[in-house]
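Just below is one structure, and these are the notes that go with it.
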């Protein structure tokens, strides 16, 4: 999230889209309810289905699964048109000064409007519908000094503003509604309500989104289009604003922060590619993307080398020196062009390329896309180590009904893990708050915390390497691991393993660090207080620069703080002394955009930060939240632009960093019921299609399906389908279908039905409901159904897995699977 | 002062934290359930399920509402179950909860019949059965702590406090947002008033009457009279009746006995006269 | 007894014996496995056959005891003396049926006496419980001379004779209380009992109908006894009972209709669907028809006609009690109920037991041909 949970209550209009917050993040509704009742906020729910969130909304707006960009592109067009007529109802200063709307783009750049759905530079692959982009034209025009050319009047035909207008000109309400299936009056009502309630300076709107947004072949662009909308309305960086991802698990923020995703190192650093054989080559390649000639742009990622070296130092300890590139050679390198995503892993497993798997607290048999393929893949493995609380469908994949265990050669180990209350550690919530959790009970039997499992396991592996040698032992034997995590006593005064790792994440001075005047800033082994103090010379270590300050010398472990008093002078509920958030406990990021050029907040009553001239002996200073860079306001000396992570310090409407285009463009999901009318480019041209033979077409599979979660069950169900009180609430796999579809199929409520896609078939109990309705797409009535995906064949309560139906295709940028929009057919009766 | 709970159906989002909290606090067993074609489960109260959420899809014109209703014992001000129980096994405590005394119950189930909300449940499958229902967490309330369900609710749809203050709060909410609530506080007057009060986005008659294969449970339309109004009048007549009836019947006996005796005497006198006459004739 | 009758008895007795045995086995199953195991009762419909028939009808049909006791001892109508013992026996067995039925229906029947120590003076059922307990004791005492005679124990007989009148007065007062309070119990359900029946004066209607069915039931029982056991009951006695019925039922009808009129609910008689039908059958068939029938001298002169007219009154009363405690008393909407065969087994077993005891009593004790004792 750019903001945080408690901040929701400050909003003037809350939009829940691609999310069912009341259902899956019920505690968030405490804050939503406060916004509605105490702040007079309106709630808008945009969803294919009338959900538990829609039940609380002022406006419910139906949208077909997979049509977000059409909808929001339409909203952007509406606002752009309205801005021309009612500029006073928008924060034009924000839009002109803090965003790249005034920047001039390469004259040869073509928007998708001019290029039949593709941007300039498309290079088709084997299949002409898919390929990659040559981004030569996706650049800004610069002057001789390298400063970007701008037109603050926003009239130049090459300025981003005009290109945006051109791009979204096709997204008029009638076209939009033909694509999304939305009722036009409701669409216009959403546009007007959101624009009026959040557009003016001093007003804020927030977008709460989740997997309904991200789990599409254009998921990244779905999020981007929200960011565009919010930026256009001046909602970024302000209280009650921002784009707020409701993370799908309680600690997935922690997992992405600490580099659990295939394309990340901790702190959102990048794993090196095999083409970058030296540290310098890697750092140079990264820095090239952040170089800026504008002295007012902080381009904070230019500090990347400090974080990278500190990371290497924390991993390889004393073995990392300037002479050996701090151990860079020992880091595994990615093969350029190879895809290491979840889908790719399972495809490789099925081919036999990957022979062993550590499956850590994960249940892909139920939760992975194209579950049948993933089950086949597991059966091909030589070995698998599963770490879990229960024997899940994945841990016991050979017990799948209809499978003969005798045919499977995989050797499977199940290591029992401790549950969250049986161990200590941190959980990072969607709001970037890292909160310490204490141990309440001892784990049962031999169950151990994951941290201990992996440290012990790797100590043993390293022992084997040390004793027996083997292929490329140094990446492991040189780690600061054996002799560190198993040392007695633990190093540097750590009280426990998790305490040691927590300190390690924050970072130490590895050597004495002096101030400019020669006085000692840190002795060796002291905890560092800020990522600003991290160095490129190996004198600091930090396993995650974002978390530096979380556990520092002066304050100790701030993640354990529990002061529930709102100390913010405007009372916007930042709770700055409750736990600690990154970066540097800044609760609302990009908050320098929450003030005007003089440092006065757009919303004086609910300000985030404001400039007080009298502070610091008249030099001035910021009051409120931790400012997103302590520099003076824009109109003063020494200032910086507010969006400090961007190379140009401005919010990016024009985003050349993405694989599928600098502007979000609507494309149909891989399996779609219509030919969309915006262009001839039906699908996202930058996606990888793994199984072209497994794509369903509307003639065979005429119904749109989506998957989602329910309050009562959790993810792949291993926890909740083993708890009797939860099984009681929702005992069976079900599918929600409209009354109209039920009538067509002759299905009565609670009948068994069979749902089938190109990839598989499941049975479920029919829940016939008023909350789904057929939608008119391109003039034709199309049905949509919805499936919870929590069920599998193990546990107290069993049922068919919805993911037997979903496709093996992912987002063009992140590879997140397209769970949310695919095609099926439904018939009455079970699938015995 | 009587405590109560205000249930704001406008805030409730049906997450069922309250339902599970009730199970957890009371350590009630789970029931074996099947999907009924709706989210409701279990579909009705039982000896193991004292509080549950009803899901109602209500169409008002072209506006769809999905209303989630928390149902449990209403803890009436003048409970029918308390008046009905022959052995006083149910008791309305001064703090508000209507509690049940295991040790008194004979299992006659009159409380179940008397309850206008169909709340009390019975352990039909046990050789030694008891009545079970929501206790308003009397053990917590007596310590000044809110019930488990109230504590668990994330949106403060449940507010625990003095009944009078809750009525004020309910009126405030209804008046502040007339487009969001119907102008009725259910439980203010129903059956003489209940400790659990409700405000709702749709009329109460529209809730709980959509069968969906599940049993209809909802908000019965009730008048403002306490259910034991006439029964208590009848019972208060008993002592005077005993006196009056005894007196009347005794008097009746005495009177008819006297008449009987009188008739008997006259008959004997007549017989004697006849006998004399007979004698006289013979003589 | 004739040889023919002696031969008849064994088959009848055998059947009764089997029914009693089945009842006992089912009861045993109930005690082991709970009420749910032998019934279709549920939280939505917690009272069924046993309450409607065994309790509500059982108590009403046993009203002959107090009605005849009042007639003979308080109104001093000696004419009815010959049937008083039979009536008392019928009543006594009727109340025993009620108690045994409760021993099955109550969740914890070993606690049946709890009302003695746990009081709720507001509860009509508390009053019913006490009155039934006391009145059953009264009936036992009133019947006991028949047993003592057989055992030739004179002293207890003399004691009973001495307290005869207070016993009768107590019995009648207790009966008026609990016969009406069974109606008061239903006052607790104003929203569930159909408005055709619900009225604040329901207790009065219950008492009046109990008195009339007490009279009718006595006619029925006497007629059956005279056929079965061969003793002759004078037509005059039956006709006398029959002559009283139209007055009592007439008063009942006036009060019932008057109440409906005054409440302005006369329109309900035709607007309540199946409940209207039930009400009309109950009133026209069970009240109006007998009033007419018993008013006809032709009927009162025929033992057969008297018997069947009395049967109609009994059926009408049974329908009334079923209506108010089951058929027109709403359970939870959507919950159905039809008695399980095992519920019937219990009731039939109890009835069989009662009939069996009645027969045995008539065989071994002096029930009929009871000589008028010295009046107290």
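Chains as they are written, first to last, in the working numbering: chain A, 762 to 1593; chain B, 45 to 327; chain C, 98 to 473. Cβ coordinates follow ideal geometry from the N, Cα and C atoms, glycine included.
Legend: CB atoms of the stretch 1487 to 1513 of chain A lying less than 9 Å from CB atoms of chain B belong to residues 1487, 1488, 1489, 1490, 1491, 1492, 1493, 1494, 1495, 1509, 1510, 1511, 1512. What residue 288(C) touches in chain B, judged by beta-carbon distance under 7 Å, is 160, 264, 266, going in chain order. In this structure, residue 79(B) lies near residue 1511(A), with their beta-carbon atoms less than 8 Å apart. Shown here, residue 774(A) sits in a strand according to DSSP, grouped into three states. Straight-line spacing of the CA atoms in residue 787(A) and residue 1483(A) works out to 21 Å. Going by beta carbons, residue 1410(A) and residue 1515(A) fall outside the 8 Å limit. Inter-residue distance for residue 970(A) and residue 1190(A) is about 15 Å (C-alpha atoms, whole angstroms).
For residue 198(B), the chain A residues whose C-beta falls within less than 7 Å of its own C-beta are 787, 788, 790, 791, listed in chain order.
Between the alpha carbons of residue 214(C) and residue 1550(A) lies a gap of roughly 58 Å. Here residue 398(C) carries a coil assignment [DSSP, helix/strand/coil].
Under the criterion of beta carbons closer than 8 Å, residue 1539(A) and residue 939(A) qualify as touching, at roughly 5 Å.
In this structure residue 764(A) is not in contact with residue 983(A), their Cβ atoms being roughly 19 Å apart against a cut-off of 8 Å. Below the 7 Å Cβ cutoff, chain B contributes no neighbours of residue 1549(A), its closest Cβ being approximately 11 Å away. Close partners of residue 301(B) in chain C (Cβ separation under 7 Å): 173. For residue 77(B), the nearest CB of chain A lies under 8 Å from its own CB, placing it at the interface with that chain.
If you check the CB distance, residue 831(A) and residue 932(A) come in under 8 Å. In this structure, residue 967(A) and residue 769(A) form a Cβ contact; the two beta carbons are roughly 6 Å apart against a cut-off of 8 Å. The contact set of residue 279(B) on chain C, defined by CB atoms closer than 9 Å, consists of 218, 219, 220, 221, 223, 224, 278, 281 in chain order. For the stretch 94 to 111 of chain B, residues whose beta-carbon sits nearer than 8 Å to a beta-carbon of chain A comprise 101, 103, 108, 109, 110, 111.
Contact of residue 57(B) with chain A is assigned, a C-beta pair being separated by under 8 Å. Identification of residues in the stretch 262 to 276 of chain C having a C-beta nearer than 7 Å to some C-beta of chain B yields 262, 266, 269, 270, 273, 274, given in sequence order. Contact holds between the stretch 267 to 278 of chain B and the stretch 216 to 233 of chain C, because three or more Cβ pairs, one in each stretch, are under 8 Å apart.
In the structure shown, residue 100(B) adopts extended strand secondary structure according to DSSP, grouped into three states. Under the 8 Å criterion on CB atoms, residue 70(B) is classed as non-interfacial with respect to chain A. Annotation: Cβ neighbours of residue 64(B) in chain A (cutoff 8 Å, chain order): 1486, 1487, 1490.
For the options 45(B), 50(B), 46(B), the alpha carbon positioned closest to that of residue 199(B) is the one of 50(B).
By the neighbour-count definition (other C-beta atoms within 10 Å, threshold 16), residue 1174(A) is an exposed residue. A direct Cα-Cα distance of roughly 26 Å separates residue 1369(A) from residue 1011(A). Ranking 827(A), 1091(A), 1121(A) by CA distance to the CA of residue 981(A) puts 827(A) first.
With 16 or more other Cβ atoms inside 10 Å of its own Cβ, residue 1343(A) counts as buried. When 7 Å is used as the limit between beta carbons, residue 129(B) is near these residues of chain C: 217, 220, in chain order.
With its beta carbon at least 8 Å from every one in chain B, residue 137(C) lies outside the interface.
By the criterion of a C-beta distance shorter than 6 Å, residue 141(C) is surrounded in its chain by 428, 429, 432, once the five residues flanking it on both sides are discounted. Distances from the alpha-carbon of residue 181(B) to those of 194(B), 169(B), 294(B) put 194(B) closest. One Cα belongs to residue 1300(A), the other to residue 1274(A), and the distance between them is close to 7 Å. Along the stretch 1465 to 1480 of chain A, going in chain order, the ones with a CB nearer than 9 Å to a CB of chain B are 1471, 1472, 1473.
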